[in-house]
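Here's the structure we're looking at; comments come further down.
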Amino acid sequence: MIPNDIKITDELVAEHGLKPEEYERILELIGREPTFTELGIFSAMWNEHCSYKSSKLWLKTLPTESECVLIGPGENAGAVDIGDNQAIIFKMESHNHPSFIEPYQGAATGVGGILRDVFTMGARPIASLNALFFGAPDYDKNKHLISGVVAGVGGYGNCFGVPTVGGSVNFHKRYEGNNLTNAMAIGLADADKIFLSPAKGVGRPVVYLGAKTGRDGIHGASMASAEFADDADEKRPTVQVGDPFTEKCLLEACLELMETGAVIAIQDMGAAGLTCSAVEMGASGGLGVKLDLNKVPCREERMSAYEMMLSESQERMLMVLDPAKEKIAEAIFIKWGLDFAVVGETTDDLRFSIWHDNEEVANLPIKELGDEAPEYDRPWIEPTPQAPLSDLKAPDDLTQAVLQVVGSPDNCSKRWVWEQYDQLIQSNTAQIPGGDAAVVRINGTNKAIATCADVTPRYVEADPFEGGKQAVAECWRNLTAVGADPLAITDNLNFGNPERPEIMGTFVMAIKGIGEACRALNFPVVSGNVSLYNETNGKAILPTPTIGGVGLLPNLDDMATLAFKNEGDTIILIGGHGTHMGQSAFLRDTQGREDGPPPVVDLEKEKNNGNFVRNLIRSGDTTAVHDISDGGLVLALSDMALAGNIGAKITIPDDQEAFVTLFAEDQARYVLTCSPDKATQIIRDAETANVPATKIGTVISSALIIEGHTTISLNMLKSAHEDWLPDYMAEV
Amino acid sequence: MKTAIIQFPGLNRESDMIMALENVSGAKTQTVWHTETSLPDTDLVVIPGGFSYGDYLRCGAIAARSPIMKAIVEHANKGGKVLGVCNGFQILVETGMLRGALMRNANLKFVCKQVQLSVENDSTFFTSKMNKGDEVTCPVAHHDGNYFVDDETLKRLEGDGQIVFRYANGTNPNGSLNDIAGICNAKGNVIGMMPHPENMIEALHGKTDCRPLFESIAA
Numbered sequence: 000m001i002p003n004d005i006k007i008t009d010e011l012v013a014e015h016g017l018k019p020e021e022y023e024r025i026l027e028l029i030g031r032e033p034t035f036t037e038l039g040i041f042s043a044m045w046n047e048h049c050s051y052k053s054s055k056l057w058l059k060t061l062p063t064e065s066e067c068v069l070i071g072p073g074e075n076a077g078a079v080d081i082g083d084n085q086a087i088i089f090k091m092e093s094h095n096h097p098s099f100i101e102p103y104q105g106a107a108t109g110v111g112g113i114l115r116d117v118f119t120m121g122a123r124p125i126a127s128l129n130a131l132f133f134g135a136p137d138y139d140k141n142k143h144l145i146s147g148v149v150a151g152v153g154g155y156g157n158c159f160g161v162p163t164v165g166g167s168v169n170f171h172k173r174y175e176g177n178n179l180t181n182a183m184a185i186g187l188a189d190a191d192k193i194f195l196s197p198a199k200g201v202g203r204p205v206v207y208l209g210a211k212t213g214r215d216g217i218h219g220a221s222m223a224s225a226e227f228a229d230d231a232d233e234k235r236p237t238v239q240v241g242d243p244f245t246e247k248c249l250l251e252a253c254l255e256l257m258e259t260g261a262v263i264a265i266q267d268m269g270a271a272g273l274t275c276s277a278v279e280m281g282a283s284g285g286l287g288v289k290l291d292l293n294k295v296p297c298r299e300e301r302m303s304a305y306e307m308m309l310s311e312s313q314e315r316m317l318m319v320l321d322p323a324k325e326k327i328a329e330a331i332f333i334k335w336g337l338d339f340a341v342v343g344e345t346t347d348d349l350r351f352s353i354w355h356d357n358e359e360v361a362n363l364p365i366k367e368l369g370d371e372a373p374e375y376d377r378p379w380i381e382p383t384p385q386a387p388l389s390d391l392k393a394p395d396d397l398t399q400a401v402l403q404v405v406g407s408p409d410n411c412s413k414r415w416v417w418e419q420y421d422q423l424i425q426s427n428t429a430q431i432p433g434g435d436a437a438v439v440r441i442n443g444t445n446k447a448i449a450t451c452a453d454v455t456p457r458y459v460e461a462d463p464f465e466g467g468k469q470a471v472a473e474c475w476r477n478l479t480a481v482g483a484d485p486l487a488i489t490d491n492l493n494f495g496n497p498e499r500p501e502i503m504g505t506f507v508m509a510i511k512g513i514g515e516a517c518r519a520l521n522f523p524v525v526s527g528n529v530s531l532y533n534e535t536n537g538k539a540i541l542p543t544p545t546i547g548g549v550g551l552l553p554n555l556d557d558m559a560t561l562a563f564k565n566e567g568d569t570i571i572l573i574g575g576h577g578t579h580m581g582q583s584a585f586l587r588d589t590q591g592r593e594d595g596p597p598p599v600v601d602l603e604k605e606k607n608n609g610n611f612v613r614n615l616i617r618s619g620d621t622t623a624v625h626d627i628s629d630g631g632l633v634l635a636l637s638d639m640a641l642a643g644n645i646g647a648k649i650t651i652p653d654d655q656e657a658f659v660t661l662f663a664e665d666q667a668r669y670v671l672t673c674s675p676d677k678a679t680q681i682i683r684d685a686e687t688a689n690v691p692a693t694k695i696g697t698v699i700s701s702a703l704i705i706e707g708h709t710t711i712s713l714n715m716l717k718s719a720h721e722d723w724l725p726d727y728m729a730e731v
Numbered sequence: 000m001k002t003a004i005i006q007f008p009g010l011n012r013e014s015d016m017i018m019a020l021e022n023v024s025g026a027k028t029q030t031v032w033h034t035e036t037s038l039p040d041t042d043l044v045v046i047p048g049g050f051s052y053g054d055y056l057r058c059g060a061i062a063a064r065s066p067i068m069k070a071i072v073e074h075a076n077k078g079g080k081v082l083g084v085c086n087g088f089q090i091l092v093e094t095g096m097l098r099g100a101l102m103r104n105a106n107l108k109f110v111c112k113q114v115q116l117s118v119e120n121d122s123t124f125f126t127s128k129m130n131k132g133d134e135v136t137c138p139v140a141h142h143d144g145n146y147f148v149d150d151e152t153l154k155r156l157e158g159d160g161q162i163v164f165r166y167a168n169g170t171n172p173n174g175s176l177n178d179i180a181g182i183c184n185a186k187g188n189v190i191g192m193m194p195h196p197e198n199m200i201e202a203l204h205g206k207t208d209c210r211p212l213f214e215s216i217a218a
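First to last, the sequence lines map onto chains E and F. Sequential numbering of the first sequence, starting at 0, is according to numbering that gives the first Met the number 0. Sequential numbering of the second sequence, starting at 0, is according to numbering that gives the first Met the number 0.
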């Protein structure tokens with residue numbers, strides 16, 4: 000065991016991920032050399048992952064309020080009001096670095112961590128989503144990573160008992176060595192019974208609950224704040240091991256305990272475990288915390304104070320309890336077979352005081368550790384805009400091009416993935432993966448929430464500002480397309496090393512774009528997570544600000560789905576024919592090109608067109624609705640045809656290049672169907688609302704027919720769309 | 000119909016099952032904690048799905064040795080009805096109340112999707128409102144549903160009408176022997192099945208195919 004009073008050397012400081020100037024600040028703050036445990040605590044609290052030191056300045060610029068927001072960023076998760084004294088609590092968080100090192104456990108504990116964030120606040124998780132990004136298909140570790148991550152996401156959520164209802168899977172060579180796992184959880188709580196982290200009252204018991212503490216995950220948060228080199232595999236011991244069974248018991252025990260009124264404050268032990276949770280509760284409540292580590296339930300012998308304070312063992316919670324109800328609380332936890340231990344108390348001295356074997360091993364100012372951690376205004380340079388697309392070539396074979404786009408790794412069906420997730424548990428799933436957004440009923444009501452996770456990283460790479468806007472707009476559009484009122488988002492910002500001005504510039508511009516779209520669409524950010532240093536050997540990932548959105552369907556009877564329903568229905572394009580080909584899936588999938596600027600998002604149009612579509616859905620006049628995004632009009636039509644197992648006949652105006660009309664990725668667009676007798680009125684109403692609406696075709700038998708250009712049977716579309724991923728994963 | 004739902008730590012489809020029993024069967028349900036040693040006055044005992052004890056050791060193995068199981072065996076021996084779904088089926092197999100074993104799915108992956116079930120025995124308490132040969136759509140959600148049993152027992156199960164449900168039309172999702180999805184004991188009062196009929200009972204679920212099963216309980 001390393002003694003607590005060892006000499007703190009420059010090397011030791013550097014190994015803890017602290018910069019010399021940060022260490023100087025520590026010396027200044029405490030007026031002496033820190034103990035070994037104290038150094039560990041500082042490194043845990045001041046790393047990028049916990050302190051947001053590079054990003055905080057910019058995160059503050061995001062809009063966080065609207066009429067529906069109950070709790071914005073800063074708590075374990077954000078909360079929005081859905082009426083009837085019900086609140087939806089949600090957040091997305093990355094577990095990128097661990098999922099590269101140990102894909103199953105890395106992904107599983109990512110899911111476990113985000114579920115805990117949600118039920119810590121008193122919400123029962125009702126849905127889970129994930130956005131996964133892997134290397135190019137020919138990357139040699141890809142299949143190992145995909146099968147491990149997918150099994151880990153499923154393994155945890157399935158056992159815990161939350162339906163995994165949506166998400167995305169993308170491939171790009173820039174994720175090689177840095178695959179991303181972004182997990183989102185959504186919970187339901189009574190709006191007047193949301194539990195928060197600030198501790199209240201001096202001399203109250205600080206209680207440790209859940210699983211025992213081991214040596215797993217020590218320095219996990221610091222690992223998540225560093226780049227990888229080739230030795231990444233050696234970091235496996237810093238990945239935590241998940242136990243979804245214990246988490247399920249912890250959920251039930253916590254909710255049962257919250258019912259008793261015993262809980263004053265609660266914080267889950269996530270990144271930097273006991274340290275971060277205790278500091279968070281004390282610092283936000285304006286109180287000190289004193290801990291006696293000899294009371295901490297341990298599953299390994301001879302653990303040092305340093306190890307206990309930095310362990311990231313999973314499925315643990317810290318609470319401040321009403322002393323009068325301590326016995327009731329203990330009985331509930333014993334019933335669920337979980338540890339319950341009073342490990343300390345709140346104090347009035349604003350110190351974080353840690354005792355072990357009757358010795359004070361740390362005594363630090365709690366505020367400075369927590370909400371006064373360092374904050375940087377990192378230098379940044381505005382990225383150079385992409386040159387306009389030149390030399391646009393038509394495909395030699397339009398049919399082949401359509402099949403390539405429909406069946407490309409990014410656009411193909413992800414059924415192989417989501418059939419490994421329990422999408423149905425809790426009996427409230429109204430739309431499973433494969434649609435624009437998942438829809439989950441609020442049990443016992445006819446209300447439902449819609450949810451999805453979106454980002455188009457190649458757009459963000461080409462123009463971070465427009466790409467940031469687009470991620471928010473697409474999320475808003477997807478919620479709209481099922482008939483929901485978009486409420487709020489959680490953002491999971493995955494980028495490279497912020498100490499490089501060009502990376503920081505991408506980050507800054509993406510945030511500006513996200514902020515602009517959120518403001519225009521009244522779609523505020525209520526929670527989120529930043530994951531930086533996603534680099535291996537100096538190569539950064541594509542900038543990936545994943546946007547997770549939640550919307551409300553006041554009446555489930557007004558839900559739209561994307562499947563074509565009836566032969567003879569009229570197909571209407573909302574938002575006009577497209578012309579923008581820069582950064583299109585067509586260029587990437589058929590010509591191997593990733594150039595040109597991404598489509599510009601006109602937020603006023605986005606709002607106007609979306610509001611029109613949502614009202615139309617609620618009028619009951621649509622039979623199917625789908626948004627247009629990646630892959631353009633033709634991919635939207637293909638999705639609708641395959642989901643409904645009925646085809647379509649489409650006419651392209653003579654003055655347009657067919658391939659441009661089919662593949663352009665202009666924003667703010669939808670495809671919808673209606674019975675033929677409604678079409679004229681819909682188009683007239685659209686005109687009045689200043690929304691471009693055009694009749695483009697009819698739902699017909701069993702092929703996708705682009706008149707005068709190509710006829711593609713549903714079977715061909717289906718096999719292109721469904722076969723790629725299972726075939727890829729089956730190859731040895 | 001008085002119904003007792005057994006709650007083991009780690010089970011997670013109990014609310015789905017309670018909803019189906021109460022809304023479709025009209026049953027009065029009460030929940031019995033696994034540490035109890037006796038059952039309340041009940042006609043039917045239901046063990047729902049989930050991951051009792053995290054599926055550690057072997058699916059259902061730890062739950063099968065819980066205090067309440069003795070009372071459930073006695074209840075069954077006296078002719079009382081028992082239904083185990085998914086993990087509940089695995090637990091019943093582990094106690095020996097039903098024959099065979101549920102191995103890891105043939106493709107080694109968890110699978111959640113819709114399958115077709117054919118009703119093979121329409122004289123049980125869970126199928127009396129259906130006819131032999133009826134086909135219903137029903138979801139599965141499991142990692143260990145690959146039913147296996149020795150040849151001799153299989154012959155007896157097949158011969159005695161103890162196969163209650165079979166995966167139909169090539170939808171066997173897990174490699175189960177003879178496409179077996181659900182079985183009963185010789186007396187027919189203990190039924191176990193892997194699929195989740197409780198998730199296919201209202202328009203929201205896409206179809207209402209499995210309502211007659213729960214209506215059978217009410218009959």
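Every residue, glycine too, gets a C-beta built ideally from N, C-alpha and C. The structure displayed is predicted, hence computed values, not measured ones.
For Ser526/E, three-class secondary structure by DSSP: strand
According to DSSP, what are the bridge partners of Gly287/E? Thr346/E
Could you name the residues of chain F that Ala386/E contacts, counting a contact when the two beta carbons are closer than 7 Å? When 7 Å is used as the limit between beta carbons, Ala386/E is near no residue of chain F, the shortest such separation being about 45 Å.
Which residue's Cα is closest to the Cα of Leu187/E: Glu730/E, Leu250/E, Leu349/E, Phe244/E? Taking the Cα of Leu187/E as reference, the smallest distance to any Cα among Glu730/E, Leu250/E, Leu349/E, Phe244/E is reached at Leu250/E.
Using a cut-off of 8 Å between C-beta atoms, extract the partners of Pro243/E located in chain F. Phe50, Gly53
Quick one: which chain E residues come within Cβ less than 9 Å of Val81/F? Chain E residues near Val81/F: none, gap ~22 Å exceeds 9 Å.
Can you tell which of Trp417/E, Pro675/E, Ile333/E has the C-alpha that lies nearest to the C-alpha of Ser167/E? Trp417/E
Interface residues of the stretch 172-198 of chain F facing chain E [CB-CB below 8 Å]: Residues passing the 8 Å Cβ filter: His195, Glu197, Asn198.
Whole-angstrom distance between Ala75/F and Ser117/F, CA atom to CA atom: 26 Å
Name the chain F residues that come within less than 7 Å of Thr420/E, Cβ to Cβ? According to the sequence displayed, residue 420/E carries Tyr and not Thr. Near Tyr420/E (Cβ distances below 7 Å), the residues of chain F are Cys111.
May I have the straight-line CA-CA distance separating Arg210/F from Ile70/E, to the nearest angstrom? 41 Å
Pull up the CB-CB distance for Thr34/E and Ala361/E, whole angstroms please, since I reckon it's below 8 Å. Right, the Cβ-Cβ distance comes to about 6 Å (below 8 Å), so this counts as a contact.
According to DSSP, is His625/E helix, strand or coil? strand
Roughly how many angstroms lie between the CA atoms of Val525/E and Tyr669/E, to the nearest whole one? 27 Å
At which residues does the alpha helix (DSSP H) containing Asp676/E begin and terminate? 675-687
Please confirm whether Pro66/F has its beta-carbon closer than 7 Å to some beta-carbon of chain E. So, not an interface residue.
3 or more residues per run - each beta strand (DSSP E) lying fully within the stretch 248-320 of chain E: 262-267, 287-291, 315-320
Between the stretch 651-666 of chain E and the stretch 522-539 of chain E, do at least 3 Cβ pairs fall closer than 8 Å? Counting Cβ pairs under 8 Å, fewer than three are found: no touch.
From Gly581/E, Leu363/E, Lys538/E, Asp347/E, residue whose alpha carbon lies closest to that of Tyr768/E: Chain E is shown only over 0 to 731; residue 768/E falls outside these bounds and no answer can be derived.
Residue-chain proximity (Lys717/E, chain F), Cβ-Cβ < 7 Å: For Lys717/E, the answer is no, since every Cβ of chain F falls outside 7 Å of its Cβ.
Would you please state the rounded distance, in angstroms, between the beta carbons of Val152/E and Ala106/E? I believe it to be under 8 Å. 5 Å
Taking Asn614/E as the reference, which of Asp409/E, Asp557/E, Asn644/E has the closest Cα? The shortest CA-to-CA distance from Asn614/E to any of Asp409/E, Asp557/E, Asn644/E is the one to Asp557/E.
How far does the alpha helix (DSSP H) with Val238/E in it extend, from its first residue to its last? Where Val238/E is concerned, there is no enclosing alpha helix (DSSP H), given that its DSSP letter is neither H nor E.
Measuring alpha carbon to alpha carbon, tell me which residue in Cys248/E, Thr163/E, Asn84/E, Met302/E is nearest Ala449/E. The residue with the shortest Cα to Cα distance from Ala449/E is Thr163/E.
Chain-ordered residues of the stretch 332-343 of chain E with a beta carbon less than 7 Å from chain F: Trp335, Gly336
Which class does Ala218/F belong to by DSSP, given the choice of helix, strand or coil? coil
Nearest-angstrom Cα distance between Val438/E and Val599/E? Roughly 29 Å separates the two Cα atoms.
Below 8 Å CB to CB, which residues in the same chain sit around Leu43/F once its five sequence neighbours on both sides are set aside? Met0, Lys1, Thr2, Ala3, Ala26, Gly79, Lys80, Val81, Leu82, Phe124, Ile216
One question on the structure: do Ser42/E and Leu11/E come within less than 7 Å of each other, judged by their Cβ atoms? no
Where does Glu119/F fall in DSSP's three states? coil
For a contact meaning CB atoms closer than 7 Å, what does Lys247/E contact in chain F? Gly9, Asn11
Looking only at its own chain, which residues have a Cβ that is under 6 Å from the Cβ of Val148/F, when we skip the five neighbours before and after it? Cβ within range, chain order: Arg98, Gly99.
Please confirm if the stretch 169-180 of chain E is in contact with the stretch 67-87 of chain E, defined as three or more CB-CB distances below 8 Å between the two stretches. no
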